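Novice:
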Amino acid sequence: MTVRSIVVRRLTRSAVAACAVAGFSLIASPVTAGTARTAAASRPLIVNMSYPPSTIDPSEGLNEGDFILPLATYTTLIRYGTKPGPDGTQQVDYSKFEPYLAKSWSISANSKRYTFHLNTGFHFADGTPITAADVAFSFQREITMNGGGAYYILDGHYAPLLIKSISTPNPDTVIFNLNVADSGLLTNWAQPAGAVMEPSVVDAHGGVAKDKVNTWVAGHIAGGGGAYDLVSYNPGVQAILKANPASPLRAVSKEVIVNFITSPATLGLDARDGEADITIGIPNATAHSLSHVAGVKVPAYPAPESEYFGCNLKVAPCNNLDLRLALRYGTPLAPILARVAFGYGALFTNPIIPDMPGYNPALSKPAAYNLSKAKAYIRESHLATPIKLTIDIEAGDEAGATIGPILEDYWSKFGVSVSLQTLSAPVYVTTTETHKDESYIRTAGPGVPTVPYYLGYSAICGISFNLTQICIPQVDRLLAEGGAAPTSRQQPYWNKITELINAQAPRVTFYEVYFPIVLSDRVHSYVFSDEFGQMATWGT
């Protein structure tokens, strides 16, 4: 099996860079019919968001807007748990899991066998019970189609293929046997790639073809069975969902209207005027201004995503460690956080983002601005000044376009002459992934917030997605060993990796991205998820 050229979500951002989503919440409980909350809203919940889906097929979704509808309309084996957020709200906790279609599960001692026991009472939209065979079909579909969803399901393991076999000894039990030990799969399988589809619906509309997209499923829900039914979908314009009365996961709102609006001005006006209950993907500057408006609130949430400068370690001048260390100490991180992100972020040093399990704050303290230290490293570099450095910025990346001139100004103080180069999105992606650049500014994060997943494409040796081309064989070994170890024993591996990568200074991390969302005062229930996976909790 070959993996396609794009396998990781959120590699780049567009004009609404660094301004994604967040929310207000009600704590979600494990799914049972007895504890599920009854729908209470008497009017449709209006959601405006700036990310129109490119597809609603979980097998192909890669971008921010691709997951809101699949996660609302399909079931997955498990769901993320929750934790307290700002202002008395809640948000997902990527280290905790709750039952959903599966009522219980177990992992073998060697992390190579996953057994799930399913809840009864879940049905597809046509009333057909959801069984273990449907789970097996859906996972095999992901692998056969070999899209972005396969990378999630396989956790990036293609040689050998992660999943050795899937068995269904009875309708309520599904067993996954693995070729490679992997103790972190629950995080991957709570993603939309783990959605369970109805085989008969898929087969009636194009079936499953190796390495090919099913265009019908890209615009339709294949069986559903989740908290909502999709009753109307106009791609790029609007989606209307109604609560599924048969779902054990009962939705707070009986009806949700999602408007896809790419105009920041329109998003801001509708939020200010109360035309929208929830506004997702609004620019940070607009969110900051709305935080002072009566009738709305703007909580902001950390997520596993960061804004950073990356250096190509294989080409001059970034192949010089002393230069990279000079850039680290010569960057004014606090002013960048204030001026660019309007305070919606947190300072840290790569490689592990703070909202990910495995982050160690003691090893990830950002470097304080120190011009004298930057000048000293430049002298140690033995490079002739001015040192010329070209920084690539993706067209439409407002954060990068604002940060670039700041770096140009501050880095000139210790002998680095910056040339900013704005590239169209296709050229930018091609340039960075073929390593034809010297350096770049980027907003990025993992599709699955685990260390093996994230560093598996951004740190290991010899793959195109490792944009800095950092290569530390010991890191590769630690990632493999840590990923196979039980989660309770992984932290020492991640600590050592953090130390090894930070010593090489491949990046200057500006800040972890916080996602502001605008909520009208009518909203009393919202759990934040950067995959928008908690729609059942949204309500007025």
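Position in the sequence shown (from 1) plus 26 gives the number in the working numbering.
The beta-carbon is built from N, C-alpha and C at its ideal position, and this holds for glycine as well.
In this text, all values refer to a predicted model and were calculated from it rather than measured experimentally.
Cβ atoms of V239 and T81: under 9 Å apart, would you say?
Specialist: Going by C-beta atoms, T81 is nearer than 9 Å to V239.
Novice: Measuring straight from C-alpha to C-alpha, what distance separates G371 and A329?
Specialist: Cα-Cα distance, rounded: 9 Å.
Novice: What are the start and end residues of each continuous alpha helix (DSSP H) run of 4 or more residues lying completely inside the region 530-562, in chain order?
Specialist: Segments of the alpha helix (DSSP H) lying fully in the region 530-562: there are none.
Novice: In its own chain, which residues sit with a C-beta less than 8 Å from the C-beta of Q264, not counting the 5 before and 5 after it?
Specialist: Answer for Q264: S258, I283, V284, N285 and F286, listed in chain order.
Novice: Helix, strand or coil: which one does DSSP assign to Q217?
Specialist: Coil at Q217, not helix or strand.
Novice: Could you tell me which residues DSSP puts in a beta bridge with C337?
Specialist: Beta-bridge pairing links C337 to S465.
Novice: Can you tell me which of the three DSSP states D255 falls into?
Specialist: Of the three classes helix, strand and coil, the one that applies to D255 here is strand, per DSSP.
Novice: Please list the terminal residues of the continuous alpha helix (DSSP H) segment that includes H408.
Specialist: First-last for H408: undefined, no H or E at that position.
Novice: Would you list the one or two residues that DSSP bridges to H149?
Specialist: Answer by DSSP bridge pairing, in chain order: P155.
Novice: Could you tell me if T411 is buried or exposed, where buried requires 16 or more neighbouring beta carbons within 10 angstroms of its beta carbon?
Specialist: It counts as exposed.
Novice: Under a three-way DSSP split, which group does R139 fall into?
Specialist: R139: strand per DSSP, three-state reduction.
Novice: Grab me the residues of N203's own chain with a C-beta within less than 6 Å of its C-beta, minus the 5 sequence neighbours each way, in chain order.
Specialist: Closer than 6 Å at the Cβ level, and outside the excluded window around N203, lie R139, K190 and S191.
Novice: Since T584 is in the beta strand (DSSP E), which residue starts that stretch and which ends it?
Specialist: The structure shown does not extend to residue 584, since the chain is modelled only from 27 to 566, so the question has no answer here.
Novice: Could you say which of T292, G430, T305 and Y327 lies nearest to P358 if we only look at CA atoms?
Specialist: Comparing Cα positions, the closest option is G430.
Novice: Among Y184, N214, L212 and A216, which one has its Cα closest to the Cα of N205?
Specialist: Closest option to N205, Cα to Cα, is Y184.
Novice: Report the three-state DSSP secondary structure of G371 (helix, strand or coil).
Specialist: In this structure, G371 counts as strand in the three-state DSSP scheme.
Novice: Rounded to a whole number of angstroms, what is the C-alpha to C-alpha distance between L481 and L505?
Specialist: Going by the C-alpha atoms only, they are around 8 Å apart.
Novice: Please name the residue in V501, P542 and G251 whose C-alpha comes closest to that of E525.
Specialist: Of the listed residues, the one whose Cα sits closest to E525 is V501.
Novice: Is the beta carbon of N136 closer than 9 Å to that of A207?
Specialist: Cβ distance < 9 Å, so A207 and N136 count as in contact.
Novice: Below 8 Å on the Cβ atoms is my guess for S465 versus C337; work out the distance and round it to an integer in Å.
Specialist: The Cβ separation is near 5 Å, so the contact holds.
Novice: Who are the Cβ neighbours of G294 in its own chain at under 6 Å, not counting the five residues just before and after it?
Specialist: The residues are T312.
Novice: Nearest by alpha-carbon distance to L493: which of G369, F142, R533 and V539 is it?
Specialist: Measuring from the Cα of L493, the nearest candidate turns out to be R533.
Novice: Nearest-angstrom Cα distance between P125 and K401?
Specialist: Roughly 55 Å between the two C-alpha positions.
Novice: In chain order, which beta strand (DSSP E) runs of at least 3 residues are fully inside the region 72-143?
Specialist: Whole beta strand (DSSP E) segments, 3+ residues: 104-110, 116-125 and 128-133.
Novice: If you run the structure through DSSP and keep just helix, strand and coil, what is G565?
Specialist: If DSSP states are grouped into helix, strand and coil, G565 belongs with the strands.
Novice: Kindly list the residues whose CB is nearer than 7 Å to the CB of T170, restricted to its own chain and excluding five residues on each side of it in sequence; keep chain order.
Specialist: Correct list, in chain order: V234 and K236.
Novice: Just to confirm, are A342 and S407 a CB contact at a threshold of 9 Å?
Specialist: No, these two residues do not count as a Cβ contact at 9 Å.
Novice: Thinking C-beta only, is L389 closer than 9 Å to P521?
Specialist: It is Asn, not Pro, that sits at residue 521 in the sequence shown. Yes; because the gap between Cβ atoms is below 9 Å, this pair is in contact.
Novice: Candidates G473, L339, I378 and V319: which alpha carbon is nearest L415's?
Specialist: Answer by Cα proximity: L339.
Novice: Please confirm whether D303 and S132 have their CB atoms less than 9 Å apart.
Specialist: Cβ atoms of D303 and S132: not closer than 9 Å.
Novice: Going by DSSP, what residue range makes up the beta strand (DSSP E) through I266?
Specialist: Per DSSP, I266 belongs to the beta strand (DSSP E) from Q264 to A269.
Novice: Give me whichever residues DSSP pairs with P328 in a beta bridge.
Specialist: DSSP lists Y540 as partners of P328.
Novice: Considering only C-alpha positions, which residue in the set I104, T476 and Y355 is nearest to H143?
Specialist: Checked all of I104, T476 and Y355; the closest Cα to H143 is I104.
Novice: Considering only residues of the region 155-201, which uninterrupted alpha helix (DSSP H) runs meet the minimum length of 4 residues and lie entirely inside it, listed in chain order?
Specialist: Here the runs fully enclosed are 158-171 and 174-180.
Novice: In this structure, how does DSSP classify A506 when only helix, strand and coil are distinguished?
Specialist: Three-state result, A506: helix.
Novice: For G559, tell me which candidate among T99, S76 and C497 has the shortest Cα-Cα distance.
Specialist: G559 has its Cα closest to that of T99, out of T99, S76 and C497.
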